[in-house]
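J.: Chains as they are written, first to last, in my numbering: chain X, 22 to 271; chain C, 7 to 448.
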Amino acid sequence: MAKPKVGIFGLTSCAGDQLVVVNLEDELLDVVGAIDLRSFIMAASNPVEDEFDVALVEGSVVTAEDEERLREIRAKSKLLVAIGTCAVWGGIPGALNDLGRNTLYRIVYGTDEDLFKASVARPLKAVVPVDFALPGCPIEKHQFLEALASLLHGDLPIAHNTPVCLDCRFNENLCLLKAKGQLCLGPVTAGGCRARCPSHGLPCEGCHGPVEEANFASEVAILQEKGFSRERVARAIRNFAHQADLARTS
Amino acid sequence: MPRTIDVKHLSRVEGHGRILVEIDDRNRLERAQFSLVEGPRFFEALARGRDFRDIPMMVSRICAICSVGHKLTSVLALEDALGLTVSRQTQLLRDLLFQGMSIESHVLHTYFLALPDFLGAGSAIELVPRLPNEVKLGLAMKKLGNTIQELVGGRAIHPVNAIIGGFGRVPTRDELLTVRKRLVELLPGAEKTVEIFGGLTYPDDTVPADGARPTSFVALAPDGDQFSFFGRRIATSAAPETVLPVEEYKAIADERVVPHSSAKHSLPGGEPYFTGALARVNLFFNKLTPRAKAAALATGVRFPSANSLHNNLCQAIENLYSFERAIEVIDLLLEDGGPRPEAPADVEAKVRAGRGVAATEVPRGTLYHEYELDDAGQVVYANIITPTAQNQANVEKDFGSYLHRHPEADDATIAFNLEMIARAYDPCISCAAHYVEVKRRS
Numbered sequence: 022m023a024k025p026k027v028g029i030f031g032l033t034s035c036a037g038d039q040l041v042v043v044n045l046e047d048e049l050l051d052v053v054g055a056i057d058l059r060s061f062i063m064a065a066s067n068p069v070e071d072e073f074d075v076a077l078v079e080g081s082v083v084t085a086e087d088e089e090r091l092r093e094i095r096a097k098s099k100l101l102v103a104i105g106t107c108a109v110w111g112g113i114p115g116a117l118n119d120l121g122r123n124t125l126y127r128i129v130y131g132t133d134e135d136l137f138k139a140s141v142a143r144p145l146k147a148v149v150p151v152d153f154a155l156p157g158c159p160i161e162k163h164q165f166l167e168a169l170a171s172l173l174h175g176d177l178p179i180a181h182n183t184p185v186c187l188d189c190r191f192n193e194n195l196c197l198l199k200a201k202g203q204l205c206l207g208p209v210t211a212g213g214c215r216a217r218c219p220s221h222g223l224p225c226e227g228c229h230g231p232v233e234e235a236n237f238a239s240e241v242a243i244l245q246e247k248g249f250s251r252e253r254v255a256r257a258i259r260n261f262a263h264q265a266d267l268a269r270t271s
Numbered sequence: 007m008p009r010t011i012d013v014k015h016l017s018r019v020e021g022h023g024r025i026l027v028e029i030d031d032r033n034r035l036e037r038a039q040f041s042l043v044e045g046p047r048f049f050e051a052l053a054r055g056r057d058f059r060d061i062p063m064m065v066s067r068i069c070a071i072c073s074v075g076h077k078l079t080s081v082l083a084l085e086d087a088l089g090l091t092v093s094r095q096t097q098l099l100r101d102l103l104f105q106g107m108s109i110e111s112h113v114l115h116t117y118f119l120a121l122p123d124f125l126g127a128g129s130a131i132e133l134v135p136r137l138p139n140e141v142k143l144g145l146a147m148k149k150l151g152n153t154i155q156e157l158v159g160g161r162a163i164h165p166v167n168a169i170i171g172g173f174g175r176v177p178t179r180d181e182l183l184t185v186r187k188r189l190v191e192l193l194p195g196a197e198k199t200v201e202i203f204g205g206l207t208y209p210d211d212t213v214p215a216d217g218a219r220p221t222s223f224v225a226l227a228p229d230g231d232q233f234s235f236f237g238r239r240i241a242t243s244a245a246p247e248t249v250l251p252v253e254e255y256k257a258i259a260d261e262r263v264v265p266h267s268s269a270k271h272s273l274p275g276g277e278p279y280f281t282g283a284l285a286r287v288n289l290f291f292n293k294l295t296p297r298a299k300a301a302a303l304a305t306g307v308r309f310p311s312a313n314s315l316h317n318n319l320c321q322a323i324e325n326l327y328s329f330e331r332a333i334e335v336i337d338l339l340l341e342d343g344g345p346r347p348e349a350p351a352d353v354e355a356k357v358r359a360g361r362g363v364a365a366t367e368v369p370r371g372t373l374y375h376e377y378e379l380d381d382a383g384q385v386v387y388a389n390i391i392t393p394t395a396q397n398q399a400n401v402e403k404d405f406g407s408y409l410h411r412h413p414e415a416d417d418a419t420i421a422f423n424l425e426m427i428a429r430a431y432d433p434c435i436s437c438a439a440h441y442v443e444v445k446r447r448s
């Protein structure tokens, strides 16, 4: 059987999800041996971009070039996988999506002019159909390998639709929300990270974006009881997934 | 015939970079541009109006390869604003975390992004059959850098564990001993790396011609007599007798917006300068650790060097420094039965209005963060100046030096060499497609 043709791409982002791939020190040579890696510009020159069985795309859609590039990748790919919270939810760059771009230009660049023709930071699914979403800021190495193994077998991977709280229970962590009254987003955040932050004694920041059927109303109510304002909690939820809050609490 | 050389997307760098060169019909350079075309993400605006506690985790996302740098520099600036001091154990753990970042970043750049240029390959993967041991050594060292970031930072990319006041969880003695053992095992590999990169040929195309203005090198002056990635004074080769407190960083790294880049250009008094490993080694060679200094001397290359391509070699030298320093820091942490579990310093009582500035030496050069807080701890002003923004103008100056020396070179040769020069700075932008387009204007 021919090796699947794979491309790894970055739109507007920090390149952290691509870096997770580069950081597969123990598995990297096996991974590149199992696939036909045709385009991975961060790591290699001379890409071949005719068609892909699987395209892995990091980043959010901010510029016209991002949008054009994404449509081009989609047209050439059988399966398109969004990797990282920027690609899945818009991520940190989307946290200010409710502010006009001209306000942002004024603050950062000192001008009202639309210097770079930037839109709000959109997730991939706002522009093209996405076959599978692997969130994380950055994605977790073990989740990436798990997803890639499924894709190599021709299957769509299974999404982790359990909250960070479940990972916390496995690690027998003290509940930072209930026991310590901290602003922990674990109950509303997609897990699979093995509860990194709570396992270091720190509250979940929500970097994987919302878990399916997250109960934002309940999370806000619990945190309000602990003394946090609704605005502060909503802001925390919107940090990584601006759309989530708009969709679920209005 | 006049011509335009356009490298629309520079490969083997982090981010979207573009090289555009226009040459007139008598082979004279009309324009040499290095653009950072990553979509704008407005981080300084994101910070405004936010509680200061949210800042470090947000600005960490500016960059993956040096996320430790952004996170810790923001932490240091915010602690400066709050007047918060941290324990010696925290300072040592931060130093160790920085060494982990530096090892990971320098090994990634030297072995996997830059080396293919010198050996005529498109990627490190293509080098595997030719240099299996070297690629494996690179992977092993990079993994160790990531292991240190994972252990101390809680995650190799966007470290969760380093926060204002200290650390969520302090690594145990056994964990540090395991890392120390691995550092000692790979130390000869780090020495070998200096030898490998000392043996490459670095054309002196970027060295300013006789009579031209020499390149200025800028780096933080270490506080003590040891080489360091931390300091509160800025040194420049242009005025070796004077140092500037970091609070006055705008006198050196003053930014302006240029139409072709979403990163702001830095031009102190309109003059380009170099920041990064080459600047640090040039300015503070004598403060390097013993093995790093000895290995550097054995290469035969003399510092200070005005050859920008030597930045690759200097990263290899700094990588060896980081191995030595990491072992030293671990030994200091292990003294008297340490390290000990320790809660982060309490910030609640410290919330006040104020301004804080910090700078650190991250793998690509000096990174500045500044924040102003109101009395409720909300950010009213934020300013971040990255090394790549500072280096952008100097990259363009180097393009000019190359083209001055090679006016007759063909388009493909020019494109290859300019890419190699830009890549030597290890620019941190964030990446996509790559193709070279040569346009000849009639």
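Even glycine gets a Cβ: it sits at the ideal position worked out from N, Cα and C. Computed from a prediction, not measured in an experiment: that's the story for all the values here.
Quick one: does aspartate 71(X) have its CB under 9 Å from some CB of chain C?
T.: No, because no Cβ of chain C sits closer than 9 Å to the Cβ of aspartate 71(X).
J.: Could you say which of Pro159(X), Leu244(X) and Val69(X) lies nearest to valine 254(X) if we only look at CA atoms?
T.: The option with the nearest alpha carbon to valine 254(X) is Leu244(X).
J.: Nearest-angstrom Cα distance between aspartate 38(X) and phenylalanine 61(X)?
T.: Using only the alpha carbons, I get a separation of about 12 Å.
J.: From the DSSP output, in three-state form, read off glutamine 39(C) for me.
T.: Glutamine 39(C): strand per DSSP, three-state reduction.
J.: Report yes or no: do the region 167 to 179 of chain C and the region 49 to 65 of chain C share at least 3 C-beta pairs separated by less than 8 Å?
T.: Yes, they touch.
J.: Report the rounded CA-to-CA distance for tyrosine 117(C) versus alanine 200(X), giving the unit in angstroms.
T.: Approximately 47 Å between the Cα atoms of the pair.
J.: Kindly indicate if chain X contains any beta-carbon less than 9 Å away from that of leucine 99(C).
T.: Closer than 9 Å: no.
J.: Strictly by DSSP, which residues pair up with aspartate 57(C)?
T.: Paired residue(s): Gln384(C).
J.: When the cut-off is 9 Å and only beta carbons count, does valine 263(C) lie next to chain X?
T.: Annotation note: pLDDT 49 at valine 263(C) (below 50); position unreliable, coordinate value reported separately. Yes, because at least one Cβ of chain X sits closer than 9 Å to the Cβ of valine 263(C).
J.: Could you tell me the distance, in whole angstroms, from the CA atom of glycine 406(C) to the CA atom of glutamine 321(C)?
T.: So the two alpha carbons sit approximately 24 Å from each other.
J.: What does the alpha-carbon distance come out to for the pair leucine 189(C) and alanine 298(C)?
T.: Those two C-alpha atoms are separated by around 14 Å.
J.: Report the rounded CA-to-CA distance for leucine 143(C) versus valine 53(X), giving the unit in angstroms.
T.: Computed Cα separation, rounded: 18 Å.
J.: Can you pull the chain X residues whose beta carbon is under 8 Å from the beta carbon of arginine 54(C), in chain order?
T.: The answer, in chain order, is Ile128.
J.: Give the residues from the region 403 to 431 of chain C that approach chain X closer than 7 Å (Cβ to any Cβ), ordered along the chain.
T.: Listed by position along the chain: nothing, the set is empty.
J.: How far does the beta strand (DSSP E) with glutamate 28(C) in it reach, from first residue to last?
T.: Segment 23 to 29, the beta strand (DSSP E) holding glutamate 28(C).
J.: Taking Cβ-Cβ distances shorter than 7 Å, what residues in chain X pair up with isoleucine 71(C)?
T.: Neighbours of isoleucine 71(C) on chain X, chain order: Leu40.
J.: What's the C-alpha gap between isoleucine 128(X) and glutamate 50(C)?
T.: Using only the alpha carbons, I get a separation of about 7 Å.
J.: Within the 9 Å Cβ cut-off, does isoleucine 47(X) reach chain C?
T.: First, the residue type needs correcting, since residue 47(X) is aspartate and not isoleucine in the sequence shown. Aspartate 47(X) counts as touching chain C.
J.: Between which two residues does the alpha helix (DSSP H) holding glutamate 132(C) run?
T.: Segment 130 to 133, the alpha helix (DSSP H) holding glutamate 132(C).
J.: Sorted by chain position, which residues of the same chain lie with C-beta nearer than 6 Å to leucine 77(X)'s C-beta, five sequence neighbours on each side aside?
T.: The residues are Ile29, Val102 and Ile104.
J.: Measuring only the C-alpha atoms, how far is glycine 344(C) from threonine 199(C)?
T.: Rounded to the nearest angstrom, the two C-alpha atoms are 32 Å apart.
J.: For the candidate residues Asp416(C), Ala430(C), Leu99(C) and Ser93(C), whose alpha-carbon lies nearest to that of valine 27(C)?
T.: Nearest C-alpha to valine 27(C): Asp416(C).
J.: Please classify glutamine 232(C) as buried or exposed, where buried requires at least 16 neighbouring CB atoms within 10 angstroms.
T.: The residue is exposed, with fewer than 16 neighbouring Cβ atoms inside 10 Å.
J.: Tell me, to the nearest whole angstrom, how far the beta carbon of glutamine 396(C) is from that of threonine 281(C); I am working on the premise that it is less than 8 Å.
T.: Yes, they are in contact, since the Cβ atoms of glutamine 396(C) and threonine 281(C) sit about 5 Å apart, within 8 Å.
J.: Going by beta carbon distance, what residues of the same chain come within less than 6 Å of cysteine 205(X), once the five residues before and after it are set aside?
T.: So the qualifying residues of the chain are Leu197, Leu198, Pro224 and Cys225.
J.: Excluding the 5 residues flanking glutamate 196(C) on each side, which residues of the same chain have their C-beta closer than 6 Å to its C-beta?
T.: According to the sequence provided, residue 196(C) is alanine. The question's glutamate does not apply to it. Closer than 6 Å at the Cβ level, and outside the excluded window around alanine 196(C), lie Asn325, Leu326 and Phe329.
J.: Under 8 Å Cβ to Cβ from tyrosine 374(C), same chain only, skipping five residues before and after it: list those, please.
T.: Excluding positions up to five away in sequence, the list reads Thr79, Val252, Tyr255, Ala259, Val363, Ala364, Ala365, Asn389, Ile390 and Ile391.
J.: Give the single residue among Pro184(X), Gln264(X), Leu117(X) and Cys107(X) whose Cα lies nearest to the Cα of alanine 36(X).
T.: Closest option to alanine 36(X), Cα to Cα, is Cys107(X).
J.: Do the region 350 to 360 of chain C and the region 23 to 38 of chain C meet, that is, are 3 or more Cβ pairs less than 8 Å apart?
T.: As far as the Cβ criterion goes, the region 350 to 360 of chain C does not touch the region 23 to 38 of chain C, which means the pair count is below three.
J.: Do isoleucine 154(C) and leucine 114(C) have their C-beta atoms closer together than 9 Å?
T.: For isoleucine 154(C) and leucine 114(C), no; Cβs fall outside 9 Å.
J.: Closer than 8 Å is the cut-off here; do at least three beta carbon pairs connect the region 236 to 246 of chain C with the region 209 to 217 of chain C?
T.: The answer is no - the region 209 to 217 of chain C does not touch the region 236 to 246 of chain C, with fewer than three Cβ pairs under 8 Å.
J.: Answer with buried or exposed for serine 111(C), where buried requires no fewer than 16 other C-beta atoms within 10 angstroms of its C-beta.
T.: Flag for serine 111(C) reads buried.
J.: Against serine 129(C), what residues of chain X qualify as contacts under a CB-to-CB distance less than 7 Å, listed in chain order?
T.: Within chain X, the residues near serine 129(C) are Ala64, Ala65 and Ser66.
J.: Would you call the region 247 to 262 of chain X and the region 203 to 213 of chain C touching, i.e. three or more CB-CB distances under 8 Å?
T.: No contact exists between the region 247 to 262 of chain X and the region 203 to 213 of chain C.
J.: Could you tell me which residues DSSP puts in a beta bridge with lysine 26(X)?
T.: Lysine 26(X) is bridged to Asp57(X).
J.: I need the straight-line Cα distance from serine 66(C) to histidine 76(C), nearest angstrom please.
T.: If I take the Cα positions, the gap works out to 5 Å.
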